[in-house]
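Right, one structure below, let's go through it.
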C-alpha cells in the first residue's frame, strides 16, 4: 500500500497521548510500563485480574512528573498462612508501592523518558527497576525500555488510538519481559506456567471510567478502573446550592434601627437561614459591624459576599461602611472592610469589575485586641431550639439524623463503617456502628464534644493473633476494645479555645479523647505573616482507658509532647516535621509530606523514626519497624451538588502498631485554621465574593530561589559539569583516593579487634550515636540555610549542600550494592567477605552524606574544623564496629569529592525567580547571578 502525502500527514498529526493504567495500576501498556504519567493530580482506583494475581490498586500523579502507585496483590493458588489461619486468611496477599519519575517530557523530536522502581517498600516480591522511552507518531504511541529484577531485559510495545468512535478505543501490543518463573512460589501457582513474549489487548476509556482486556499466549486478563482529576476545581455542578438571599423590603433609617429590634432580629434570622452561626451585629455612626461563623460555605470570600449582600437589605440607610469579622469556632480569622457601598452593590450585581471592588475593600488578618463587646444583637436573642432533619448525602454520610441551632450546637446520628486489612486471622476486618455525636457551645470559645457508639455488627473482635510488641500496647490491643460493651462512650471532651495574639491560636482540652485514651491536652499554633512556616506545639498527659468503653481506666500513663514545623512549598506541597515523645514513650521524629490539589483534596504520606524497638514482623531486633502510611483528606464540596465544609479523612497504615503513635484530640487547630489562612494568602483574599470566577489564583508568596525549574536545573547542571576536573587531575585524585582506602584496609582487622573490646563502653555508644546523627544534623542544617536564610550566598550554599548529600548518598548506596562487602559484625575475620545478609558495608553511607553536606559550607566560609567534626563523628561507626575503617575513609572521600566539585561549579550560581505582569499576561523570569 502506498501512502499519499495527505494520508501520511494525517498519520503524523500530533495527538494527545493519554496515559492509561496497566494491569499493575501504574501507567503503561498491559504488563509493561511506559514513559507516560497521567495528568498532574490524576487519581486512579481499579481492580485487575491477571492469573494468578488479583490486584486492588490505586495511583496518584503527586507531581507533574512523579506517579505513586500502591497495590494490594492476592496470589491465587498459594495460602497466606499455614495452620489455623489458612482457611480464614485465604490466599497469600502482599502490599506493594511503586514509583515512576519522568526525567524528560516528550518534545517534537525527543521522546518522553522515565525511570521506575517497583515494590519500593515492603517484602520485595515484585521488586525491580526500569527505564522507558515513549514517542508518539500521530495516533500511534510507541514504547521501548529495559528493566532488571522482575522485568528482565528489553521490553516494548505500541498503543494505537483508533480514529473512529468517540476516541476512547485503543489497540495494544507489547513484548512482556517479566520473568514469571522467578515469581514468589511460582511452582505452586499459575505463574510457573506463564512465559514472557507477545501480548495483545484492547482498551476503552470513557470520561473517568476505563477498562482493558488482555490476551497472552496462556490466558486472558482484565483491568477496570475509575480515574478522577484532582486538579479540577469541582466534579459535580452545584445544582442544589441555595440561591443568594434576595428580598423586597424597605430599609430603616438609623433611628428606626436603634428603636425597633425587629430590624436587627430580621437580619439575624436571614443570616441563620443561610448557615451563619454565632452572629453578632452592631451599628454606630454609619458603620455596620458583622461577626459570624459560617458552618457550610467552603470559600470564605463567598461566605462574606453572601453576608454583606444580605446585610444590604437590612442595614440603616445612613450606612457608609460595612465591617465583617469571620470566625472559626469563635477564633477570629479575618477582617473585611467595605467603605464604598454603591461600588460593592454594583459588584455583587455584576455591574462593577473586580479591580473596582479592590479599590474600595480592605482585607486583613483579624486582630483579637480589636474585638467588640458592645453588640446591638446576638444570635442568642432569637428563639432557641434545634432544627432536626433526616438528611441524605451530606457531610459524607449516606443518611443521618442531624440537628443544629442558631449557635454552634449540633447533633447527629449516623452509621459509621471502619475497615481493617491484612491481619493473619482474616484479610478483611470491619465494624459497623451507629454513632450519636454532638457539640455543645457552653459559652464563646468553650465547647463540650461527645460521641456514643453502639456496635451493630463487626468481626474485629474475632482477632486471635496476640501482639508480640515489646512496647506498651497503646494500639495493638484494639481487638480487646472491640470485645467490650456494645454501647460505648467514644468521646466526652471539654475544650477551651483562646487567641492570645494575631495569628496565634491555642486550646486546652480535658476528658475522654478517643476510644483508648483520655486526659488533658494542649495545643498552640502560630501562622507567621507572609511566611511559609506554621509552628505548632502539642502536649498531652493521658491515661489508657479500659476495654469496657466507659469511665474505667488502666494503669498505663504517659506524657507526650511534640514540636512541629509545617513548611509550605510551591505547587500546594507541605512538608511537616514533628519531633518529641510519642504515645508509647518512644522519642523520635515523624516526617510528613502532602499536596493540596485544585479540588482541595490533599494526599500525602508519613514516616516515623523513633527509638521504639518494634520487632513485630517485618521488624526485627536488628532492624525495628518504623511507622509509616498514606493519608488523604477529601473536602466534600467538590463532590456534592451543594457546598459544604465537611471533610472526609482517610489513612492507610498498619493498624496494630505501637511505635510512633499519637493521641487523637478534638479541635485540631492546624486542620481547622489552615484552610482559612491559605485562602487569605491567595490573590486579593476576596475569594468568590461575587460568586463568579474572577478571583486571582496566584498566591502572594513567590517561588523560592531553590525551587526546581527546567531552566534552573539546566544552569546548575551545566555549571557542575564545567567544574569537573580534566583527565589528568581526575586520574590523580582517583589514585590518591584508592591509595588512602588501600592503606586504611591494611588496618581494618587490627582496629576492629582493638575497638571491639570496648563496644559496651558508654563513650563508644555515645560516639556511635553521634555518627548516626551526623548526616541528619548536616542535612537539616543545609535545609534550614536553604529555606530560612535571607543571605543569597547562604541560600545557595544550602542548595549545593543538599545536592551533594543526595548525590553522594545515592552513589554510596550503589557502591554498596555492587561490592556487597560484609560488615565487621558479620565477618570479623575476612575483611572483604561478601555479605550474605544484605546489610552491606562499603562505602559508609553515613560518612559520605555527612562529608558531602558539610564540604560546601567548609569551603565557602573557610571552616576547616567542620571536616574534623564530620570525620570524628563518622569514626564513631568504626568505634562501635558497624563499619571497617576503610568504609569510612572511602565514604568520607566520596562525600568530600562530591561536595567540593558541586561547590566549585555552583558557588557563584543562584537562579532568582521574578514575576512580571503585563495586561493579562504573567511571565516568570530566571536570573543567573554571578
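Residue numbers (our numbering): 17 to 946.
Each residue gets a CB set at the ideal place from its N, CA and C atoms; glycine is no exception.
Residues that residue i bridges to, as DSSP identifies them
i, result
"residue 609", "591, 621"
"residue 84", "76, 115"
"residue 208", "None; residue 208 has no bridge partner."
"residue 651", "663"
"residue 534", "528, 559"
"residue 173", "159, 190"
"residue 290", "In DSSP, residue 290 forms no bridge with anything."
"residue 434", "447"
"residue 222", "225"
"residue 574", "558"
"residue 91", "69, 108"
"residue 131", "117, 147"
CB-CB length for residue i against residue j, believed under 8 angstroms
i, j, result
"residue 658", "residue 619", "The Cβ separation is near 24 angstroms, so there is no contact."
"residue 617", "residue 669", "In fact, because the Cβ distance is near 19 angstroms, the residues do not count as touching under 8 angstroms."
"residue 448", "residue 472", "5 angstroms"
"residue 950", "residue 247", "Summary: the structure shown does not reach residue 950, with the chain confined to residues 17 through 946, and so no result is reported for it."
"residue 662", "residue 250", "Not really, about 14 angstroms apart at Cβ, beyond 8 angstroms."
"residue 167", "residue 196", "11 angstroms between Cβ atoms; not a contact."
"residue 565", "residue 505", "6 angstroms"
"residue 341", "residue 348", "6 angstroms"
"residue 507", "residue 532", "Actually they do not touch by this definition, with Cβ atoms about 11 angstroms apart."
"residue 795", "residue 860", "Contact doesn't hold; Cβ gap of about 15 angstroms is too wide."
"residue 51", "residue 148", "4 angstroms"
"residue 227", "residue 236", "No, residue 227 and residue 236 are not in contact; Cβ-Cβ is about 13 angstroms, not under 8 angstroms."
"residue 359", "residue 541", "Going by Cβ atoms, the distance from residue 359 to residue 541 rounds to 36 angstroms, so no, they are not a contact pair."
"residue 852", "residue 837", "About 12 angstroms separates the two Cβ atoms, so there is no contact after all."
Residue i (DSSP reduced to helix, strand or coil)
i, result
"residue 194", "strand"
"residue 62", "strand"
"residue 847", "coil"
"residue 582", "strand"
"residue 528", "strand"
"residue 784", "helix"
"residue 876", "helix"
"residue 446", "strand"
"residue 386", "helix"
"residue 552", "strand"
"residue 940", "Because residue 940 sits at a pLDDT of 39, beneath the cut-off of 50, its placement in the model cannot be relied upon, and the point is left open."
"residue 332", "coil"
"residue 343", "strand"
"residue 919", "helix"
"residue 374", "helix"
"residue 881", "helix"
"residue 862", "helix"
"residue 792", "helix"
"residue 151", "strand"
"residue 167", "strand"
"residue 17", "A caution first: residue 17 carries a pLDDT of 38, below 50, which makes its placement in the model too unreliable to give a value."
"residue 930", "With a pLDDT of 40 at residue 930, under the threshold of 50, the modelled position of that residue is not reliable, and the figure given next carries that caveat. Here residue 930 sits in strand by DSSP."
"residue 312", "coil"
Sub-7 angstroms separation of residue i and residue j beta-carbons
i, j, result
"residue 116", "residue 42", "yes"
"residue 696", "residue 350", "yes"
"residue 430", "residue 280", "no"
"residue 302", "residue 336", "yes"
"residue 869", "residue 907", "no"
"residue 562", "residue 573", "no"
"residue 699", "residue 363", "no"
"residue 317", "residue 702", "yes"
"residue 286", "residue 306", "no"
"residue 271", "residue 384", "no"
"residue 453", "residue 428", "yes"
"residue 293", "residue 424", "yes"
Any non-hydrogen atom of the ligand ADP within 6 angstroms of residue i CB
i, result
"residue 335", "Ligands in the displayed structure: none, and consequently the ligand ADP is not present."
(request) Could I get the ranges of all uninterrupted alpha helix (DSSP H) runs contained in the region 677 to 710, with 4 residues as the minimum, in chain order? (result) Taking only runs of at least 4 residues, the alpha helix (DSSP H) segments lying wholly in the region 677 to 710 are 685 to 696.
(request) Scan the region 225 to 285 and note each continuous alpha helix (DSSP H) run of 4 residues or more that stays entirely inside, going in chain order. (result) With a minimum length of 4 residues, the continuous alpha helix (DSSP H) runs that stay inside the region 225 to 285 are 270 to 275.
(request) Taking only runs that begin and end inside the region 452 to 523, name each unbroken alpha helix (DSSP H) of 4 or more residues, in chain order. (result) You should have 494 to 498.
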